[in-house]
Amino acid sequence: MEIAAEELGPVAGHEVAKNEFLSVLAADKLHHGWLLRGPRGVGKARLALQFAARLLGGASLAGLSVDADDAVGRLIVAGSHPDFRIIRRPLDDKGKMKTEIPVDSVRELSAFFSLRPAMGGWRVAIIDAVDELNRFGANALLKTLEEPPGKSVLLLVSHGEQALLPTVRSRCRVLSCRPLSEVETIEALKLGQMPQARAEEVAKLAPGRPGRALAVQGPESDSAVGAVRNALRTIDRVDAGTLHAALTLAAKSDVALGAAIDTLRSSLQKRAARELDPVVAGEWATVVLDVIRLEAEARELNMDKAQTISAALSRVARLARG
35 MEIAAEELGP VAGHEVAKNE FLSVLAADKL HHGWLLRGPR GVGKARLALQ FAARLLGGAS
95 LAGLSVDADD AVGRLIVAGS HPDFRIIRRP LDDKGKMKTE IPVDSVRELS AFFSLRPAMG
155 GWRVAIIDAV DELNRFGANA LLKTLEEPPG KSVLLLVSHG EQALLPTVRS RCRVLSCRPL
215 SEVETIEALK LGQMPQARAE EVAKLAPGRP GRALAVQGPE SDSAVGAVRN ALRTIDRVDA
275 GTLHAALTLA AKSDVALGAA IDTLRSSLQK RAARELDPVV AGEWATVVLD VIRLEAEARE
335 LNMDKAQTIS AALSRVARLA RG
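All residue numbers for the sequence shown refer to the working numbering, where the first residue is 35 and numbers rise by one.
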């Protein structure tokens with residue numbers, strides 16, 4: 035599978051994860067399975083690609099900086115590197131992305147890893163993301179992790195939206211990829227040649243998650259974000275007008291819905307953080323998790339957009355009313 039050239043390049047933030055990986059590699063103690071965990075849009079897949087490129091000989095020992103102009107980078111982008119595989123959800127006959135990664139794609143890893151590295155180094159595969167495997171795919175993945183051949187590395191991207199088999203988790207070394215700081219988020223957006231002023235504006239759409247912010251930017255998003263913020267100001271009394279506006283604007287597109295959900299989640303996280311009563315703070319944190327799960331379910335089940343944002347706001351309203 036090919037990847038877009040802009041997916042390969044420097045990664046902003048995640049210094050702890052980068053240093054851990056590079057130090058283990060330098061010590062020649064590289065684990066065969068790595069689990070990169072964190073919310074969507076923080077740069078996990080991009081980081082996994084840099085790890086893969088480094089193993090395949092595309093970066094100096096000092097860092098992770100391979101791009102599409104590098105010899106290894108060109109092969110990765112073209113999907114023609116013999117020692118690299120990336121597994122993602124494929125497109126269906128209508129050009130739409132399927133809801134799951136086919137189990138056959140995971141099973142093919144056994145054959146891929148059974149071969150000797152064609153270019154004399156490592157064989158590396160990325161699954162982006164393990165949240166999109168069904169139970170058959172998860173079991174096939176476990177088989178690969180249980181019988182790792184030499185000089186092979188499997189990088190698993192996880193958004194934490196679906197339960198992961200404990201046996202898969204136990205066979206991987208975990209790297210936590212947390213949301214970026216505001217400065218790092220803006221830096222990440224600028225890496226894509228976005229002007230400073232625009233990067234500062236886009237960063238607000240999904241704080242700490244530049245990939246998500248890029249995915250949900252646009253006029254429809256701006257309108258949906260404004261409407262949700264207005265709804266949140268009156269959520270304890272459920273003002274019909276502001277609620278209706280939020281539902282209408284968020285339902286216009288997947289992009290608008292994504293921006294609305296991110297705004298809601300960010301507001302809830304801030305609300306939980308400033309609550310002094312630990313019990314109440316825990317209740318707000320639970321609503322944050324509810325909204326995260328709701329978004330994942332909506333994407334998986336192709337739920338109606340207005341229904342999705344309505345359900346999310348209703349959960350907030352119930353808690354706000356006490």
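Glycine included, C-beta positions come from ideal geometry on N, C-alpha and C.
None of these values were measured; they are calculated from a predicted model.
CB-CB length for residue i against residue j, believed under 8 Å
i: Lys78; j: Val191; result: 5 Å
i: Leu69; j: Arg203; result: 7 Å
i: Leu277; j: Ala346; result: Actually they are not in contact, since the Cβ atoms of Leu277 and Ala346 sit about 12 Å apart, beyond 8 Å.
i: Ser301; j: Leu266; result: 6 Å
For residue j and residue i, the rounded distance between their alpha carbons
i: Leu175; j: Thr133; result: 18 Å
i: Pro124; j: Val140; result: 12 Å
i: Thr178; j: Ala82; result: 18 Å
i: Gly275; j: Leu281; result: 10 Å
i: Ala231; j: Ser186; result: 43 Å
i: Ala10; j: Leu188; result: Outside the shown range of the chain, which is 35 to 356, sits residue 10, and nothing can be said about it.
i: Ser114; j: Ala86; result: 14 Å
i: Leu248; j: Ala258; result: 15 Å
i: His66; j: Thr201; result: 15 Å
i: Leu167; j: Leu283; result: 32 Å
i: Leu239; j: Ile326; result: 16 Å
i: Glu54; j: Lys286; result: 43 Å
i: Gln341; j: Phe146; result: 43 Å
Coil, strand or helix - residue i by DSSP
i: Asp162; result: strand
i: Trp68; result: strand
i: Leu125; result: strand
i: Arg243; result: coil
i: Ile343; result: helix
i: Leu167; result: strand
i: Arg308; result: helix
i: Arg80; result: helix
i: Arg150; result: coil
i: Arg119; result: strand
i: Arg74; result: coil
i: Ile135; result: strand
Chain-order list of residues whose beta-carbon lies under 7 Å from that of residue i (same chain, five-residue window excluded)
i: Ser148; result: Pro183
i: Ala233; result: Ile220, Leu223 and Lys224
i: Thr268; result: Thr276
i: Ala319; result: Ala306
Proximal residues to residue i (C-beta, below 6 Å), its chain only, five neighbours per side dropped
i: Val137; result: Phe170, Gly171 and Ala174
i: Ala152; result: Pro116 and Asp117
i: Ile161; result: Ile121 and Leu190
Sequence-distant residues of its chain with Cβ nearer than 8 Å to residue i (five each side left out)
i: Met228; result: Val236
i: Cys211; result: His48, Ala51, Leu70, Arg71, Gly72, Val76, Gly77, Lys78 and Leu81
Cβ-heavy atom distance, residue i to the ligand NAP, below 7 Å
i: Phe147; result: Looking at this structure, you won't find the ligand NAP or any other ligand, since it has none at all.
**Prompt:** In the region 185 to 217, which residue ranges form an unbroken beta strand (DSSP E) of at least 3 residues, counting only runs that do not cross its ends?
**Reply:** 186 to 192 and 207 to 210
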